[in-house]
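Enquirer:
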Amino acid sequence: MTPERLGLLWGITVFSGAGARLLSVLTGLPGVVLLLLSGLLIGRSGLGLVEPLDLGKGLETIVGLLVSLVLFDGGLNLRFPGGAIKSIVLRISSIRLIISLAAGFLAAHWFAGLGWSVAGVYSAIVLATGPTVVTPLVRQIRLASPLSDVLEAEGLILEPIGAVLALLLLELVVGDLHGWKELFLGLLSRLGGGVLIGSLAGLLLSEGLKRLRTEPYIGLRLQLTLGVIFLLYGVCEWLLPESGLPASVAAGFVVGQRPSTQANELDKLIRELAQLAITMLFPLLAADVSWGELSPLGWGGIICVLFLMIVVRPIAVSIATYGLPLDNKQRLFLSWLAPRGIVTAAVASLFSIRLEQAGVLGAGKLQGLVFLTILMTVGIQGLTAKPLAKMLGLLDEDEDEDEDEDLDKPTNSASIFTESR
């Protein structure tokens with residue numbers, strides 16, 4: 005790919021993402037939905053202006069680095085304000101891990117026609133809700149606590165687990181792993197190793213930030229943080245593939261828990277960069293969707309996704325929240341909102357290539373079904389989240405009042421992007 009063509013690819017991608025953000029501010033529509041539509045417009049399903057696979061092996065690296073930044077930002081903001089919220093998050097995560105894996109496995113085979121091995125990979129890929137979608141969505145609709153905290157934490161916990169598990173299942177399918185014992189040990193080593201390395205990196209970064217707390221060092225604090233995030237991801241992927249995701253969350257969490265690092269000030273800078281990463285990644289990966297991969301799925305694929313949305317998720321949430329201090333309205337909203345995001349799309353794109361290279365049947369259908377899951381969950385749930393939350397009385401009234409008071413105040417580009425998130 006020529007440098008000119010590469011520059012044009014990135015220019016179109018970033019411009020389309022920025023245009024989607026602007027349209028979101030002007031119309032009030034969910035930004036993640038418009039980002040997804042912008043990617044479809046410029047990609048293989050639309051005008052054909054952007055072909056992500058032209059980036060070659062660099063696509064995986066670019067996506068990984070930018071996703072690590074987004075997950076670090078999520079870990080930086082990960083809070084468990086009370087014991088009840090911690091119990092809700094842990095129970096939802098553990099029960100969904102079991103129920104959603106089994107249900108996705110069966111649904112992908114029975115409804116969408118995927119082979120058993122490929123169906124297993126699919127169930128792991130779509131296991132988690134995407135923090136790259138959930139976080140901007142709950143902030144834009146101003147969802148009240150504890151639901152906003154629960155939804156964000158759920159995605160941050162399950163996203164790395166799903167990605168690592170999907171990789172190990174893929175290696176089992178293509179013959180790089182032999183037996184379930186190796187898979188289980190691989191899961192423990194990559195998750196545990198990622199969390200350990202990430203925690204150590206977070207401690208070292210915290211010590212560095214503690215010594216750079218004065219005003220002249222704000223820019224240096226950001227540069228140091230980015231350097232640690234990207235180096236951490238690279239080292240983890242070199243030592244234990246896919247361990248970079250849990251490492252990024254762990255590092256962000258450690259830094260956010262240490263008051264001496266002034267994490268709130270750092271978060272404002274990291275949040276803007278994470279927002280830019282989402283603006284770039286969502287259109288880029290959505291551009292890889294082809295109607296040719298979606299159409300063979302037919303009604304079976306749609307039924308599969310609907311089954312996960314309106315049957316599996318509510319059952320898992322109902323079981324997980326039984327006996328916990330949540331009312332029926334809160335349970336209903338938790339049961340409904342579960343969009344998939346960037347990591348899901350990235351993993352699907354890269355894994356389908358590996359399956360095709362290994363000669364495994366159904367690789368194209370796997371990618372098509374994953375993107376159909378993203379399209380339906382982001383589109384349907386993204387558009388209905390605010391009306392449903394408003395109807396149930398789950399919006400943050402204090403923030404709504406603050407928003408009304410600020411209507412007469414001038415805004416700048418930074419505040420617009422923060423609010424759209």
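Position in the sequence shown (from 1) plus 4 gives the number in the numbering used here.
Idealized CB from N, CA, C, for every residue including glycine.
The structure displayed is predicted, hence computed values, not measured ones.
#1: Under a CB-based cut-off of 8 angstroms, is residue 175 close to chain C?
#2: Among 234, 72, 100, 196, which one has its Cα closest to the Cα of residue 323?
#3: For residue 38, which residues from the same chain have a beta carbon less than 6 angstroms from its beta carbon, with the 5 sequence-adjacent residues on both sides left out?
#4: Cβ-heavy atom distance between residue 98 and the ligand MG below 7 angstroms?
#5: Using DSSP with H/G/I as helix, E/B as strand and the rest coil, what is residue 287?
#6: Mind checking whether residue 351 and residue 167 have CB atoms under 8 angstroms apart?
#7: When you compare only the Cα positions, how much space is there between residue 286 and residue 346?
#8: List in chain order: all unbroken alpha helix (DSSP H) runs of 4+ residues lying wholly within the segment 107 to 146.
#9: I need the boundaries of the alpha helix (DSSP H) containing residue 77, first residue and last residue.
#10: Verify whether the separation of the beta carbon atoms of residue 54 and residue 288 is less than 8 angstroms.
#11: Kindly list the residues whose CB is nearer than 7 angstroms to the CB of residue 60, restricted to its own chain and excluding five residues on each side of it in sequence; keep chain order.
#12: On a CA-only basis, which of 107, 184, 160 is nearest residue 126? Give me that one, please.
#13: Can you say whether residue 20 is buried or exposed, counting buried as having 16 or more other CB atoms within 10 angstroms of its CB?
#14: Under a three-way DSSP split, which group does residue 399 fall into?
#15: If you follow the alpha helix (DSSP H) that residue 381 is part of, which residue opens it and which one closes it?
#16: Excluding the five sequence neighbours on either side, which residues of its own chain have a C-beta within less than 6 angstroms of the C-beta of residue 367, listed in chain order?
#17: Round the Cβ separation of residue 370 and residue 118 to the nearest angstrom and send it over; I've been treating them as touching at under 8 angstroms.
#18: Is the CB-CB distance between residue 172 and residue 190 below 8 angstroms?
#19: Identify whether residue 389 lies in helix, strand or coil by the three-state DSSP scheme.
#20: Roughly how many angstroms lie between the CA atoms of residue 400 and residue 242, to the nearest whole one?
#21: So, residue 2 versus residue 225, is the Cβ gap smaller than 8 angstroms?
#22: Throw me the rounded Cβ distance for the residue 103 and residue 342 pair, which I believe falls under 8 angstroms.
#23: Using the beta-carbon count (16 or more within 10 Å), is residue 215 buried or exposed?
#24: Over what stretch of residues does the alpha helix (DSSP H) that includes residue 31 continue unbroken?
#25: For a test of the three-state rule: what should DSSP assign to residue 348, helix, strand or coil?
#26: Tell me whether the beta-carbon of residue 11 lies closer than 8 angstroms to the beta-carbon of residue 290.
#27: Please classify residue 239: does DSSP put it in a helix, a strand, or coil?
#28: In whole angstroms, what is the alpha-carbon distance linking residue 143 and residue 152?
#29: Alpha carbon to alpha carbon, what distance is there between residue 331 and residue 65?
#30: Look at the alpha carbon of residue 338 and the alpha carbon of residue 137, and state the distance between them as a whole number of angstroms.
#31: Just how far apart, CA to CA, sit residue 389 and residue 146?
#32: Would residue 256 and residue 124 qualify as a contact pair, given that the criterion is a beta-carbon distance under 8 angstroms?
#33: When burial is assigned at 16 or more other CB atoms within 10 Å of the CB, is residue 35 buried or exposed?
#34: Using 10 angstroms around the beta-carbon of residue 377, count the other beta-carbons present and answer buried if the total reaches 16, otherwise exposed.
#35: Would you call residue 404 buried or exposed, if buried means 16 or more other Cβ atoms sit within 10 Å of its Cβ?
#36: Exposed or buried, what is residue 194 when buried is set at 16 or more other beta-carbons lying within 10 Å of its beta-carbon?
Expert: On the basis of the coordinates in this document:
#1: Included in the structure is just one protein chain, with no chain C present.
#2: 100
#3: 24, 27, 28
#4: This structure does not include the ligand MG; it has no bound ligands of any sort.
#5: helix
#6: Between residue 351 and residue 167, the gap from beta carbon to beta carbon is short of 8 angstroms.
#7: A straight line joining the alpha-carbon of residue 286 with that of residue 346 spans about 6 angstroms.
#8: 120 to 129, 135 to 144
#9: 62 to 80
#10: Taking 8 angstroms as the Cβ cut-off, residue 54 and residue 288 qualify as a contacting pair.
#11: none
#12: 107
#13: Looking at its Cβ environment, which holds 16 or more other Cβ atoms inside 10 Å, residue 20 is buried.
#14: Reduced to three states, the DSSP call for residue 399 is strand.
#15: Careful: residue 381 lies outside any alpha helix (DSSP H) and carries neither H nor E.
#16: Counting only Cβ-Cβ distances below 6 angstroms, and skipping sequence neighbours, we find 356, 359, 360.
#17: 6 angstroms
#18: For the pair residue 172 and residue 190, the CB atoms are nearer than the 8 angstroms cut-off.
#19: helix
#20: The straight-line gap from Cα to Cα measures roughly 43 angstroms.
#21: This structure gives no information on residue 2, because the portion of the chain shown stretches from 5 to 425.
#22: The pair is not a contact, with the Cβ atoms about 12 angstroms apart (cut-off 8 angstroms).
#23: Classified as exposed, residue 215 has fewer than 16 neighbouring CB atoms from the shown chains inside 10 Å of its CB.
#24: 7 to 31
#25: helix
#26: no
#27: Residue 239: helix per DSSP, three-state reduction.
#28: If I take the Cα positions, the gap works out to 8 angstroms.
#29: 43 angstroms
#30: 15 angstroms
#31: Between residue 389 and residue 146, the C-alpha separation is close to 11 angstroms.
#32: no
#33: By the neighbour-count criterion, in which 16 or more other beta carbons inside 10 Å mark a residue as buried, residue 35 falls on the buried side.
#34: buried
#35: Here the model assigns residue 404 a pLDDT of 46, short of 50, so the residue's position is not dependable, and the following value carries that caveat. So residue 404 counts as exposed.
#36: buried
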